[in-house]
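Structure first, then comments.
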Amino acid sequence: MPRSIGLLLPRSTDYPSLGFDLLDGLRAYLHQAGVNDWQFFTESIGYGEDHAQNYSRAEKILLQENADLVIAYCNAANAEALYPLATGAGRPFIFLDAGMQLPSIPPVPNCYHVSLQGVHACRFAGYMAGEGRKKVLMATSFYDGGYRGPWGYVRGLEAAGGQVCGNYVSGYKKASFTIAPYLALLTSSGAESVAACFSSYLASLFFVALKEKHPDAVARPFYCSPFMAEEELLAACDFPGGSFHAIVPWASGLENPAQRSFQTTIRDMKNKTATIFHLLGWEAGITAMQAMQQGPDALKGFSYESPRGAVTIHPHTHYSYTGLYNAVIMGNDQGKCRLQVNEPIPVRAGDHELVMNDRPEAIASGWKNNYLCI
């Protein structure tokens with residue numbers, strides 16, 4: 450029986466193909482699964498920060514198009530604003546998320562999140578940065594500082610016995626971007642490692658500035674946020690030298706049957722190299738089929754094979770979790786950055802619950818747009 454899916458798709462200046470890749474990944478999974486008769490209705494939600502717009506676009510898809518299921522790229526706060534609509538409509542909502550925020554309210558029965566576990570990755574990176582009771586310099590972009598990545602770092606390095614010895618927050622304008630305060634802190638604070646939380650064009654600016662000031666700027670090991678190590682970004686960045694570690698949710702070099710099927714299908718259907726946004730769309734296809742065939746309750750505790758490994762949707766948090774990967778950023782033959790993935794890092798249900806429930810006690814400010822939608 451033909452089904453219909455509504456999609457709330459974002460825009461991004463630095464990743465202009467983000468919404469297209471999400472939809473293409475979804476279609477590619479359904480195609481290889483033999484499902485070719487489902488209809489798709491798309492609505493643009495801009496950067497995703499306007500709750501009223503998100504609500505009205507989702508409502509339109511449900512009322513006018515009678516969508517059986519809604520898929521949206523939303524961080525936790527923007528997704529939670531849609532919970533009342535999802536509850537009232539009684540239809541499943543699947544939220545795709547970089548995982549750089551934390552939930553603030555309990556889940557509702559028919560809403561589930563496919564997450565890239567950004568905060569959890571930052572927590573692991575923070576632990577590595579602080580291990581051995583090290584003094585850690587926090588280097589954060591103006592943009593990333595508005596999400597929960599830095600919180601994950603601090604919790605991780607504290608668990609390792611480390612301490613933050615200084616904070617550098619970059620500007621956001623390209624013309625005035627400078628790492629002079631970072632260089633001053635690097636020597637005056639006694640830093641033994643650097644926790645670097647950057648993404649998008651600000652990560653590119655940071656890499657450029659580090660290379661210009663080499664070798665003093667890269668005299669300490671870096672422990673990078675997962676989206677500082679995103680491969681599409683790295684391919685355009687000159688390697689600045691030094692030691693760069695990262696915890697990532699997925700990489701193009703992973704080897705497993707699901708990965709081969711994923712990359713081959715994207716290449717054959719779209720003549721493109723698969724990206725992490727294709728991956729989110731692919732997993733949206735897996736979870737959408739489960740919800741359509743078995744009902745939304747079947748997503749509670751649902752496990753499936755993904756190109757990133759075995760993924761489980763936790764029955765209590767309604768967020769997906771899986772293992773992460775220890776990786777290093779290196780230089781390639783052309784002097785650009787490349788990602789080398791090393792060993793996997795297991796993530797158990799209890800580890801996932803600990804991260805999801807460990808939130809700042811004080812009211813915290815932050816950006817409202819969906820992560821990477823700038």
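Heads up: the sequence shown is residues 450 to 823, going by the numbering used here.
Just so you know, even glycine gets a beta-carbon here, dropped at the ideal spot from N, CA and C.
- prompt: Taking DSSP as the reference, what is the three-state secondary structure of Gln550?
  reply: Along the sequence shown, one-based indexing puts residue 550 at 101. It is coil, neither helix nor strand.
message: Quick check on the DSSP output: what are the complete beta strand (DSSP E) runs of length 3 or more inside the region 767 to 807, in order along the chain?
response: 773 to 780 and 786 to 794
field: For Ala521, the first and last residue of its enclosing beta strand (DSSP E)
entry: By one-based count along the sequence shown, residue 521 stands at place 72. It spans Leu518 to Tyr522 - the beta strand (DSSP E) in which Ala521 sits, taken as one unbroken run.
Lys622 burial status per 10 Å Cβ neighbour count (16 or more: buried): In the sequence shown, the residue the question calls residue 622 occupies position 173. It counts as exposed.
message: Please report the distance separating the alpha-carbon of Gln566 from that of Leu632.
response: Residue 566 sits at position 117 when you count from the first residue of the sequence shown. Residue 632 sits at position 183 when you count from the first residue of the sequence shown. Cα to Cα, the separation comes out at about 30 angstroms.
query: So, are the CB atoms of Asn616 and Met587 less than 7 angstroms apart?
result: As a working mapping, residue 616 is identified with position 167 in the sequence shown. As a working mapping, residue 587 is identified with position 138 in the sequence shown. Cβ distance < 7 angstroms, so Asn616 and Met587 count as in contact.
task: Sort Gln742, Tyr596 and His663 by Cα distance to Asn818 and report the nearest one.
output: Numbered from 1 along the sequence shown, position 369 holds the residue referred to as residue 818. Ranking the options by Cα distance to Asn818, first place goes to Tyr596.
field: Residues near Ser461 in its chain [Cβ-Cβ closer than 6 angstroms; skip 5 each side]
entry: Here residue 461 is taken as the residue at index 12 of the sequence shown, counted from 1. Answer for Ser461: Leu467, Leu821 and Cys822, listed in chain order.
message: Distance check for Glu679 and Ala624, CA to CA, integer angstroms please.
response: Here residue 624 corresponds to residue number 175 of the sequence shown, with the count starting at 1. Here residue 679 corresponds to residue number 230 of the sequence shown, with the count starting at 1. So the two alpha carbons sit approximately 24 angstroms from each other.
task: Give the straight-line distance between the Cα atoms of Ala695 and Gln739, rounded to the nearest whole angstrom.
output: Numbered from 1 along the sequence shown, position 246 holds the residue referred to as residue 695. Numbered from 1 along the sequence shown, position 290 holds the residue referred to as residue 739. Roughly 32 angstroms between the two C-alpha positions.
query: Using 8 angstroms as the threshold, is the region 646 to 666 in touch with the region 753 to 770, meaning 3 or more CB pairs across them?
result: no
field: Cβ contact check for the region 462 to 482 and the region 715 to 724: 3 or more pairs under 8 angstroms
entry: yes
- prompt: Does DSSP put His562 in a helix, a strand or coil?
  reply: The residue you call residue 562 lines up with position 113 of the sequence shown. Here His562 sits in strand by DSSP.
message: Would Thr713 pass as an interface residue toward chain B - the criterion being a Cβ-Cβ separation below 7 angstroms?
response: No chain B appears in this structure, which consists of one protein chain only.
- prompt: Gly784: buried (16+ other C-beta within 10 angstroms of its C-beta) or exposed?
  reply: Here residue 784 refers to the residue found at position 335 of the sequence shown. Gly784 is exposed by the Cβ-count criterion.
- prompt: Per DSSP, which one or two residues make a beta bridge with Ser493?
  reply: Locating residue 493 in the sequence shown gives position 44, counting from the first residue. According to DSSP, which records beta bridges pairwise, Ser493 is partnered with Leu458.
query: Between which two residues does the alpha helix (DSSP H) containing Ile735 stretch?
result: If you number the sequence shown from 1, residue 735 lands on position 286. Residues Ile725 to Gln743.
- request: Indicate whether the contact test is met: 3 or more Cβ pairs, each with one atom in the region 765 to 778 and one in the region 792 to 804, closer than 8 angstroms.
  value: yes
- request: Return the CA-CA distance between Thr426 and Val618, expressed in angstroms with no decimal places.
  value: Examination of residue 426 is not possible in this model, given that the chain is present from 450 through 823 alone.
message: I need the DSSP call for Ile715, collapsed to helix, strand or coil.
response: Locating residue 715 in the sequence shown gives position 266, counting from the first residue. In this structure, Ile715 counts as helix in the three-state DSSP scheme.
Segment contact flag, the region 684 to 702 with the region 647 to 663, C-beta cutoff 8 angstroms, min 3 pairs: yes
message: Threshold first: 3 residues or longer. Then list the beta strand (DSSP E) segments lying entirely within the region 583 to 648, N to C.
response: 584 to 589, 612 to 618 and 642 to 646
- request: Measure the alpha-carbon distance for Phe671 versus Arg452 and round it to whole angstroms.
  value: Translated into the one-based positions of the sequence shown, residue 671 becomes position 222. Translated into the one-based positions of the sequence shown, residue 452 becomes position 3. Taking the straight line joining both Cα atoms gives about 47 angstroms.
query: On the three-state DSSP scale, how would you describe Asp499?
result: Position 50 of the sequence shown holds residue 499. Looking at Asp499 - three-state DSSP - the assignment turns out to be coil, as it is neither helix nor strand.
- prompt: Which of helix, strand or coil does DSSP assign to Glu838?
  reply: Residue 838 lies beyond the range of the chain shown here (450 to 823); nothing can be said about it.
task: Answer yes or no: do Phe490 and Ile510 have a C-beta to C-beta separation smaller than 7 angstroms?
output: By one-based count along the sequence shown, residue 490 stands at place 41. By one-based count along the sequence shown, residue 510 stands at place 61. Yes.
field: As assigned by DSSP and simplified to three states, the class of Tyr464
entry: Walking along the sequence shown from the start, residue 464 turns up at place 15. Looking at Tyr464 - three-state DSSP - the assignment turns out to be coil, as it is neither helix nor strand.
- request: Assuming Leu534 and Ala507 form a contact by the criterion Cβ under 8 angstroms, report the distance between their Cβ atoms to the nearest whole angstrom.
  value: Taking the first residue of the sequence shown as position 1, residue 534 is located at position 85. Taking the first residue of the sequence shown as position 1, residue 507 is located at position 58. Indeed they touch by this definition, with Cβ atoms about 6 angstroms apart.
query: If you compare alpha carbons, which of Glu580, Phe676, Arg709 and Ile494 is closest to Ala640?
result: Within the sequence shown, the letter at position 191 stands for residue 640. Taking only the C-alpha atoms, the option nearest Ala640 is Glu580.
query: Exposed or buried, which one is Leu788 when buried takes at least 16 other CB atoms within 10 Å?
result: In the sequence shown, counting from the first residue as 1, residue 788 sits at position 339. Buried is the call here.
- request: For Asp746, collect the residues of the same chain with a Cβ closer than 6 angstroms to its Cβ; drop the 5 residues on either side in sequence, then sort them by chain order.
  value: Here residue 746 is taken as the residue at index 297 of the sequence shown, counted from 1. Closer than 6 angstroms at the Cβ level, and outside the excluded window around Asp746, lies no residue.
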